[in-house]
Amino acid sequence: MDGDVAVGVKRGSDELNMYGSSPNSMTANGSDSKKQRLDESPPSRVLHIRKLPNEVSETEVIALGLPFGKVTNILMLKGKNQAFLELGTEEAAITMVNYYTAVTPQVRNTPVFIQYSNHKELKTDSALNQRAQAVLQAVSAVQDGSSPSSDPGALDLTPPPSPVLRIIIDNMFYPVTLDVLQQIFSKFGTVMKIITFTKNNQFQALLQFSDPVNAQQAKLSLDGQNIYNSCCTLRIDFSKLVNLNVKYNNDKSRDYTRPDLPTGDGESTNKDHSLLGTPSGALASYSSGGGYSSSLSLSQGGGAISPLSAAAAAAAAAGRVALSGSGVSGVLLASNLNEEMVTPQSLFTLFGVYGDVQRVKILYNKKDSALIQLSDGNQAQLAMSHLNGQKVFGKVMRVTLSKHQTVALPREGLDDQRLTKDFSGSPLHRFKKPGSKNFQNIFPPSATLHLSNIRDGIGEDDLRLLFSNSGGTVKAFKFFQDRKMALIQMSSVEEAIQALIDLHNYDMGGNHHLKVSFSKSTI
1 MDGDVAVGVK RGSDELNMYG SSPNSMTANG SDSKKQRLDE SPPSRVLHIR KLPNEVSETE
61 VIALGLPFGK VTNILMLKGK NQAFLELGTE EAAITMVNYY TAVTPQVRNT PVFIQYSNHK
121 ELKTDSALNQ RAQAVLQAVS AVQDGSSPSS DPGALDLTPP PSPVLRIIID NMFYPVTLDV
181 LQQIFSKFGT VMKIITFTKN NQFQALLQFS DPVNAQQAKL SLDGQNIYNS CCTLRIDFSK
241 LVNLNVKYNN DKSRDYTRPD LPTGDGESTN KDHSLLGTPS GALASYSSGG GYSSSLSLSQ
301 GGGAISPLSA AAAAAAAAGR VALSGSGVSG VLLASNLNEE MVTPQSLFTL FGVYGDVQRV
361 KILYNKKDSA LIQLSDGNQA QLAMSHLNGQ KVFGKVMRVT LSKHQTVALP REGLDDQRLT
421 KDFSGSPLHR FKKPGSKNFQ NIFPPSATLH LSNIRDGIGE DDLRLLFSNS GGTVKAFKFF
481 QDRKMALIQM SSVEEAIQAL IDLHNYDMGG NHHLKVSFSK STI
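Per the working numbering, the very first residue in the sequence shown carries number 1; after that it's consecutive.
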């Protein structure tokens, strides 16, 4: 990489106000109404990009220029939805402008406008945005096939320690599959191996690139991003491992260099588990100089890195499609239950936090185990990831996917112990309505509970007493402003689980049934 790369973010800069309607610049887009008022200015290797979507990331802007040559600098004007991009040569900038005159450039499916700047080079304060600088250096390094530079004036990027990344998924509202991870991370280079597992009640993965530089660039760009809107946040670190040993090619692990590996469950290795189609060749990686596909958006915070098409993502957000494929059973096996206390109703209430429970069967010959049938495989996986290992009625509950596809109802008159219950017509299903707010409020079990639908006239003392009577200790309480909602903190997660089982849908009188869910907040 020649020279220092400086990257900055300038918010609302007056110095560059003139670019909104400058008479001395030329637009690259025929659809821009300002074109008639713009005279041709001499080409420059600095390009001015306007009408960018809100919250656009540096990576997306850089991706516009990557196919045309090295990108040497970037300046984001976040408050104005504009950016300046500096390419390595004037020829590259001319090629880019000519190309985007014929083909409308888009970022997140939104047309943007590109024109020559009358700056000949960008001088920016690199201290303003070290993350952006690191992203640009890493991108350039991948293009060059070299290690990112560690010039004194730039962000110090030590050589990447490993080609293996450890990935943790926070706030896992939808199941994240091995294929989804492959599709996202293959943007940054060749993904060789992936192993997925659950640890500390969290979905995790180890992912090995062919080159540590690819791993570094993926970490810089993706750490902290959401896979789907407002959920499934990626937390990425380098693993201490430098090579993964994959024994089976299946839904949990994959070695892309060895398609001959067995699945470990007697299935053919040729079975396609992916809902997304064959990833190879579908998405151009940085190392080949390609930009992002329009369906992959990278944004920090509220946005998403969606490997699905926009239509599929919209359907997924409404809870109508199975992101992990339709072959996954919607039936769970819960074991190590307290058989003295567990009932179909208690399991319906607890598992109903993560999906719409259709049927529950406590096993006749093994009353510390039960089958729970949810609406689909997504909900089952979500419930399993959040509830496996939680303490319920004093015992650590184990939750796994069952081999059963449905829970059978007993013939009439044969279930005298009432071990099986059909909840398919229950009015208490939280996720029946597509796009319901309940989809955005799914959190792991926590000591703090969110209460809603509180009846007028019910005070803090009433609610503290109610929750103390469930056998726990109330540590803290806080009403929301309208007093129809509140947070209540128990002394442990186990006590909160017990209180939720006992008091969700509690009749407070006046046709007000209390709604209880886990909260991500603390008081």
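Using N, Cα and C, we set each Cβ at its ideal position, and we do this for glycine too.
Take residue i and list the residues in its own chain whose beta-carbon comes closer than 7 Å to its own, dropping the five residues that flank it on each side.
| i | result |
| --- | --- |
| ASN336 | ASP368, LYS395, VAL396, MET397, ARG398 |
| LEU466 | LEU503 |
| THR89 | ARG45, GLY69 |
| SER375 | GLY330, GLY355, ASP356, GLN358 |
Excluding sequence positions up to five away, which residues of its chain have a Cβ less than 8 Å from the Cβ of residue i?
| i | result |
| --- | --- |
| PHE477 | GLU460, LEU463, ARG464, ALA486, LEU487, ILE488, GLN489, ILE523 |
| LEU261 | VAL246, LYS247, TYR248, ASN249, ASP255, THR269 |
| ASN81 | ARG50, LYS51, LEU52, PRO53, ASN54, VAL56 |
| SER25 | Note that SER25 scores 38 on pLDDT, short of 50, meaning its location in the model is unreliable; the coordinates nonetheless yield the value given after this. Excluding residues within five positions, the ones whose Cβ falls inside 8 Å are TYR19, LEU38, SER41, HIS48, GLN115, TYR116, SER117, ASN118. |
| SER521 | THR448, HIS450, LEU487 |
Can you give the Cα-Cα distance for residue i and residue j, rounded to whole angstroms?
| i | j | result |
| --- | --- | --- |
| ASP525 | GLY509 | No information on residue 525 is available, as it lies outside the stretch 1 to 523 that the chain covers here. |
| ASN438 | ILE167 | 26 Å |
| ILE194 | SER253 | 6 Å |
| ASN409 | LYS421 | In the sequence on display, residue 409 carries Leu and not Asn. For LEU409 and LYS421, the distance between alpha carbons rounds to 8 Å. |
| SER210 | PHE348 | 46 Å |
| HIS404 | LYS240 | 39 Å |
| SER186 | ASN73 | 25 Å |
| ALA111 | THR104 | Reading the sequence as shown, one finds Pro at residue 111 and not Ala. Spanning the two alpha carbons is a distance of roughly 6 Å. |
| LEU332 | ALA218 | 35 Å |
| VAL342 | LYS199 | 26 Å |
| LYS525 | SER491 | A question about residue 525 goes unanswered here, because the residues of the chain that appear run from 1 up to 523. |
| TYR228 | PHE173 | 9 Å |
| PRO175 | LEU122 | 43 Å |
| PRO67 | ASN441 | 40 Å |
| TYR99 | ALA83 | 19 Å |
| ASN171 | ASP223 | 14 Å |
| ALA499 | SER468 | 9 Å |
| VAL107 | ILE94 | 20 Å |
| PHE479 | SER402 | 41 Å |
| PRO212 | ILE169 | 21 Å |
| CYS231 | PRO259 | 32 Å |
| GLN379 | GLY425 | 17 Å |
| PHE203 | ARG411 | 39 Å |
| ALA63 | SER221 | 12 Å |
Residue i by DSSP, collapsed to three states: which one?
| i | result |
| --- | --- |
| ILE458 | coil |
| TYR228 | strand |
| GLN208 | strand |
| ASP376 | coil |
| THR177 | coil |
| HIS450 | strand |
| GLN609 | Nothing in the structure corresponds to residue 609, since the chain is present only between 1 and 523. |
| LYS219 | helix |
| THR406 | coil |
| VAL392 | strand |
| GLN381 | helix |
| LYS609 | Absent from the model: residue 609. The displayed extent of the chain is 1 to 523, so no value can be given. |
| THR343 | coil |
| LYS361 | strand |
| LEU241 | coil |
| ILE442 | coil |
What distance in whole Å lies between the Cβ atoms of residue j and residue i, which are believed to be in contact at a cut-off of 8 Å?
| i | j | result |
| --- | --- | --- |
| VAL61 | LEU85 | 6 Å |
Does the distance from the C-beta atom of residue i to that of residue j stay below 8 Å?
| i | j | result |
| --- | --- | --- |
| SER517 | LEU449 | yes |
| VAL164 | LEU244 | yes |
| LEU206 | VAL191 | no |
| THR406 | MET384 | no |
| LYS433 | ASN453 | no |
| LEU136 | VAL71 | yes |
| SER519 | SER446 | yes |
| ASN226 | PRO444 | no |
Below 6 Å CB to CB, which residues in the same chain sit around residue i once its five sequence neighbours on both sides are set aside?
| i | result |
| --- | --- |
| TYR506 | LEU514 |
| LYS391 | GLU494 |
Would residue i count as contacting chain C if we go by Cβ distances under 8 Å?
| i | result |
| --- | --- |
| VAL407 | Of the protein chains in the structure, only one exists, and it is not chain C. |
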